[in-house]
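The next block holds one structure in the form of structure tokens; read it before the comments.
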Amino acid sequence: MHLPTMKVWHAVAFLTISSPTYATPHADRRGHGNVCVDKVFQFSHNGTQVENLAVRSNGNVLFTLSAPSAQVWQVDPRVGNSSGTLVASTAQLSNTSSAGGITEVEPDLFAVVSCDLTLTSGTCKVHTIDFTTQARLPKVDYITTVAEGVFLNGLASLCGGGRTVLASDSFRDPQAIFKIDLKSGASTVALQDKSMEPPANSTRVPAIGINGLRKLGDYVYYTNSGTSTLWRVPIHPDGTAAAPSTLVSNLTTIQPFVDDLAIRPDGTAFVAGSNEITVVRPDGCTTILAGAVNQTMPLAGTTSAQCGRGSGAEEVLYVSTTGGAQDPVNGVYMEPGFVAAIRWGGGCQP
């Protein structure tokens, strides 16, 4: 997540998107090799920023907005823009300013974090979105306020019995990963490591460190935006560290700003950021899957990624973007935030 600068925030503060407002998506197939990129949903206003996403078992994509206000939307990627619907409004998310990570905690039950932009503790909320009811719209419930949380960002389900999630805090001092019990509402710091901190010479204000967060087996994977690195740490069932964190890959030379990520069962990571998606193999080797740092199309302002689910979705990666609202491509180019599908076929593996 990029924290909206004051200049950008003032520019988008007056946008209202309580009803669907979107542009007609189009395909831009300038991926790398035999990879193609298609927009499956796009808003119509610059400054509308898609932050994070999750994929339901039916193949629909849920995505959060970090600006102009906290919201959660859903789209059927097989249909496209016309299927886009608002599933959690700003009011339902406790009128918070910015929504971040979203993750499935039980079949078709999702948790989402949202915070104010004041960067003060006690403003981050956790809600659940329940699609298991037979109602036309899902049930949205407030769960808890994370008292020590400053700006919760990435989110992952801890599993292991019970509704528990892990949430990265990108601006807490020191930065950390919280464990949040969705039944009791209790939250504690589960993981804290120097690798989560921003570099001492950071020129960003405020300085950002840990950002994206995913869990695979007994490991938690996380990105550090300040150092453009990907890390992993083995954990105990309660979410605490079982051993020190280790560096998976340093992406500084190919991806100056890393955001959130997706991870496949084999440990291959897809890291968003810098207008591109970078593939990081388990051995740390990297390659660019789609996009480029100074390229306006097809991926301006990548923020997160998730692998497809269901039949035929094994070779699909969904990507969320800000449209370049935080860092315009080449200093000038912006477009409305969107969700894209990156596809590769013919048995080709990225």
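According to mature numbering (1 follows the signal peptide of the UniProt record, and there is no 0), the residues represented by the sequence shown are -23 to -1, 1 to 327, in order.
Using N, Cα and C, we set each Cβ at its ideal position, and we do this for glycine too.
In this text, all values refer to a predicted model and were calculated from it rather than measured experimentally.
Please state whether DSSP places residue i in a helix, a strand or coil.
i: Asn58; result: helix
i: Ser202; result: coil
i: Ser172; result: helix
i: Arg149; result: coil
i: Gln48; result: strand
i: Val235; result: coil
i: Thr1; result: Annotation note: pLDDT 43 at Thr1 (below 50); position unreliable, no value reported.
i: Phe108; result: coil
i: Asp15; result: strand
i: Glu292; result: coil
In angstroms with no decimal places, state the Cα-to-Cα distance between residue i and residue j.
i: Phe315; j: Gly77; result: 15 Å
i: Cys101; j: Phe128; result: 6 Å
i: Trp321; j: Glu174; result: 35 Å
i: Gly8; j: Glu253; result: Note on Gly8: pLDDT 46, under 50, position unreliable in the model; no value is reported.
i: Thr230; j: Cys136; result: 35 Å
i: Tyr198; j: Asp158; result: 20 Å
i: residue 373; j: Ile185; result: The question about residue 373 has no answer here: the residues shown for the chain are numbered -23 through 327.
i: Arg69; j: Gly139; result: Residue identity check: residue 69 is Gln in the sequence provided, not Arg. Those two C-alpha atoms are separated by around 24 Å.
i: Ala302; j: Thr280; result: 11 Å
i: Thr(-19); j: Pro183; result: Residue confidence for Thr(-19) is low, a pLDDT of 40 falling below 50, so the modelled location carries little weight; the figure read from the coordinates is stated next. Roughly 10 Å separates the two Cα atoms.
i: Val49; j: Leu39; result: 7 Å
i: Val82; j: Thr62; result: 22 Å
i: Val142; j: Ser134; result: 4 Å
i: Ser202; j: Asn72; result: 27 Å
How many whole angstroms separate the CB atoms of residue i and residue j, which I take to be in contact at a CB cut-off of 8 Å?
i: Leu238; j: Arg191; result: 6 Å
i: Leu132; j: Ala124; result: Contact doesn't hold; Cβ gap of about 17 Å is too wide.
i: Phe155; j: Ser164; result: 5 Å
i: Val306; j: Ala282; result: That belief does not hold up - the Cβ atoms of Val306 and Ala282 are roughly 19 Å apart, past 8 Å.
i: Ser317; j: Thr298; result: As written in the sequence, residue 317 is Ala, which differs from the Ser given in the question. So it is a contact: roughly 7 Å between Cβ atoms.
Using the DSSP secondary-structure output, state which residues sit across from residue i in a beta bridge.
i: Ser281; result: Ser297
i: Asn227; result: Thr206
i: Cys92; result: Ser75
Going by C-alpha distance, which of the options is nearest residue i?
i: Gly126; options: Ser91, Leu207, Leu224; result: Ser91
i: Ser288; options: Asn227, Ser34, Gly308, Tyr196; result: Ser34
i: Thr263; options: Pro176, Ala302, Gln232; result: Gln232
i: Leu114; options: Asp85, Val103, Ile120; result: Asp85
i: Pro214; options: Val64, Leu168, Gly261, Asn201; result: Leu168
i: Met311; options: Phe18, Val17, Asn23; result: Asn23
i: Lys171; options: Val17, Thr200, Leu96, Arg286; result: Thr200
i: Val89; options: Thr299, Ile120, Ala218; result: Ile120
i: Phe148; options: Gly189, Val64, Ala246; result: Gly189
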